[in-house]
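Asker:
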Amino acid sequence: MCFHLESNACLCDRVLFRWLCQPGSVKKHAMPQKLTVLIPCRDEERNIQACIDAARLVADEILVADSGSIDRTLEIVQRQENVRLIERTFVGYADFKNWAIPQATHSWVLIVDADERVTQSLAEEIRGLLASPPDDIDAYWIYRRNFFLGQEIKFSGWNTDDVCRLIRRDCCRYGNRLVHEEIDVEPTRARWLRERLIHYTVRDYDHYLEKRIKYTHLSAKHIWANGKRASFTSLFFRPLLRFAYLYLLRGGFRDGLAGLQVCMLTAFFNTFIRQGRLWEMQHGKDLRQQSTESSALSLADRKAA
Numbered sequence: 000m001c002f003h004l005e006s007n008a009c010l011c012d013r014v015l016f017r018w019l020c021q022p023g024s025v026k027k028h029a030m031p032q033k034l035t036v037l038i039p040c041r042d043e044e045r046n047i048q049a050c051i052d053a054a055r056l057v058a059d060e061i062l063v064a065d066s067g068s069i070d071r072t073l074e075i076v077q078r079q080e081n082v083r084l085i086e087r088t089f090v091g092y093a094d095f096k097n098w099a100i101p102q103a104t105h106s107w108v109l110i111v112d113a114d115e116r117v118t119q120s121l122a123e124e125i126r127g128l129l130a131s132p133p134d135d136i137d138a139y140w141i142y143r144r145n146f147f148l149g150q151e152i153k154f155s156g157w158n159t160d161d162v163c164r165l166i167r168r169d170c171c172r173y174g175n176r177l178v179h180e181e182i183d184v185e186p187t188r189a190r191w192l193r194e195r196l197i198h199y200t201v202r203d204y205d206h207y208l209e210k211r212i213k214y215t216h217l218s219a220k221h222i223w224a225n226g227k228r229a230s231f232t233s234l235f236f237r238p239l240l241r242f243a244y245l246y247l248l249r250g251g252f253r254d255g256l257a258g259l260q261v262c263m264l265t266a267f268f269n270t271f272i273r274q275g276r277l278w279e280m281q282h283g284k285d286l287r288q289q290s291t292e293s294s295a296l297s298l299a300d301r302k303a304a
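The opening position of the sequence shown corresponds to residue 0 in numbering that gives the first Met the number 0, with each subsequent residue numbered one higher.
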């Protein structure tokens, strides 16, 4: 649901691991397994109907986990046939999904965001897999086809976007990250699917800016907790290098004007604004102190008058 791009080292590690992990060495499960499609959501009246309809292609159970919708999301979900609804207050992304996963009826769970769609080909691949699932695999990564303002982005760093979404209910949980949470699973017990999940990541600029303001704040808090700090180099050079990497080396120019926007926005928000928020956190104490002193002086002036 976002402009999340991996580091080069992480990406290379995944590609190498996928190449080494060839099918055929895994043990097959004798019994076909059923599947729960879990849809975490909040205020998704625009997306929830289409998401549920697509999920029916593969689901034995559809479980919608709502975290406090105030639009028509709940109304739409409640009138669906064979859809189970659970609700809880939102605390954090990982926390909410980890609460929802054990409530699935079936032992395999496919997690789908409301702005994502299961395709017929992906459904067929999952059905074939669960007809005789390997005993020594707990999770599957799925690549995504990302759309920006209605146009599919085939380059710009998005062609390698993958998410760990098909999991064993009793074996996998999300790690403790504030944003861009991922399933904790042993690398040797994970594989990749061939077919892709459709992701309508940005429907308009208002939607994009709303998400990015929230995500950059959470991302900055996460990297702050890991000891990273902003500097002149990170504020000035990193956004420029990020744009050049995505637009030139990752082929963003091949996506036309949409690719130009994606690369510029990614460099600006994922890099510059995040580093700016780090700088804000570093100087937050000084800024708060200045604000307090200014308020005190203003109060003193009013009393003197």
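Every residue gets a Cβ at the ideal spot worked out from N, C-alpha and C, and that includes glycine.
Note that this is a predicted model, so its numbers are computed, not measured.
Are the beta-carbon atoms belonging to residue 165 and residue 100 less than 8 Å from one another?
Answerer: No.
Asker: Please classify residue 159: is it buried, with 16 or more other beta-carbons within 10 angstroms of its beta-carbon, or exposed?
Answerer: Exposed is the call here.
Asker: When the Cα atoms are used, what is the spatial distance from residue 274 to residue 281?
Answerer: When rounded, the distance between both Cα atoms is 11 Å.
Asker: Are there 16 or more other CB atoms within 10 angstroms of the CB of residue 256, so buried, or fewer, so exposed?
Answerer: Its Cβ having fewer than 16 others within 10 Å, residue 256 is exposed.
Asker: Helix, strand or coil for residue 276, going by three-state DSSP, please let me know.
Answerer: Correct three-state label for residue 276: helix.
Asker: So the candidates are 77, 72 and 109; which of them puts its Cα closest to the Cα of residue 168?
Answerer: Nearest of 77, 72 and 109 to residue 168, Cα basis: 109.
Asker: Only counting the same chain, and skipping five residues up and downstream in sequence, which positions put a Cβ closer than 6 Å to that of residue 266?
Answerer: Counting only Cβ-Cβ distances below 6 Å, and skipping sequence neighbours, we find 238, 241 and 242.
Asker: Which stretch, first to last residue, makes up the beta strand (DSSP E) that contains residue 195?
Answerer: Where residue 195 is concerned, there is no enclosing beta strand (DSSP E), given that its DSSP letter is neither H nor E.
Asker: Using only CA atoms, which one of 143, 68 and 277 lies nearest to residue 220?
Answerer: Ranking the options by Cα distance to residue 220, first place goes to 277.
Asker: With a 10 Å radius around its C-beta and 16 neighbouring C-beta atoms as the bar for buried, classify residue 104 as buried or exposed.
Answerer: Classification for residue 104: exposed.
Asker: For the alpha helix (DSSP H) holding residue 252, just list the boundary residues, first then last.
Answerer: It is not in any alpha helix (DSSP H) - residue 252 carries neither H nor E in the DSSP assignment.
Asker: Does the beta-carbon of residue 96 have 16 or more other beta-carbons within 10 angstroms, so that it is buried, or is it exposed?
Answerer: Buried, because 16 or more other Cβ atoms sit within 10 Å of the Cβ of residue 96.
Asker: Which full runs of the beta strand (DSSP E) of 3+ residues lie inside the stretch 49 to 108, going along the chain?
Answerer: Complete beta strand (DSSP E) runs here, min 3: 60 to 65 and 82 to 86.
Asker: Do residue 196 and residue 117 have their C-beta atoms closer together than 8 Å?
Answerer: Cβ distance < 8 Å, so residue 196 and residue 117 count as in contact.
Asker: What residues are listed by DSSP as bridge partners for residue 190?
Answerer: In DSSP, residue 190 forms a bridge with 139.
Asker: Of the residues 127, 172, 140 and 72, which one's Cα is nearest the Cα of residue 94?
Answerer: It is 172 whose Cα lies nearest to the Cα of residue 94.
Asker: Comparing C-alpha positions only, which one of 213, 141 and 92 sits nearest to residue 269?
Answerer: Comparing Cα positions, the closest option is 213.
Asker: Span of the alpha helix (DSSP H) holding residue 203?
Answerer: That residue, residue 203, is in no alpha helix (DSSP H); it is neither H nor E in DSSP.
Asker: Can you give the Cα-Cα distance for residue 58 and residue 127, rounded to whole angstroms?
Answerer: Spanning the two alpha carbons is a distance of roughly 13 Å.
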